[in-house]
Amino acid sequence: PGHELRKCQAAKLWDGSADTHSKRTHNGHLVAKAGNAPLCIDWQRPDGCSAREHGARHRCSGCGDDSHGATRCRAAQGS
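Here it is as structure tokens:
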């Protein structure tokens, strides 16, 4: 069935080559490791997020790039 974004707690990219950009808080929220800024979970999905009012939250949880979410990341498994 694929990778479940809502449950992912990976500390490193799938191949172990680098740390992920994000982490989960004690209550399960997705945040950037540096500074604990919240990330948009919808942005990580294949269809992304169309909301513009929280664009700063639109960063890949894997690599940290703002041009894509985790499911479109070149560093993702199977890319």
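No gaps in the numbering here: position 23 of the sequence shown is 35 in the numbering used here, and each next residue is one more. Just so you know, even glycine gets a beta-carbon here, dropped at the ideal spot from N, CA and C. These numbers come from a predicted model, not from an experiment.
- Contact between Leu25 and Gly74 is confirmed by a C-beta separation of about 6 angstroms, below the 8 angstroms threshold.
- The beta carbon of Ala82 sits closer than 6 angstroms to those of Gln56, Cys72, Ser73 and Gly74, all from its chain and outside the five residues before and after it, given in chain order.
- A Cβ-Cβ separation of about 11 angstroms leaves Thr32 out of contact with Ala46 under the 8 angstroms criterion.
- Linking Thr37 to Cys85 through their CA atoms gives a straight-line distance of about 22 angstroms.
- The three-state secondary structure of Arg57, taken from DSSP, is coil.
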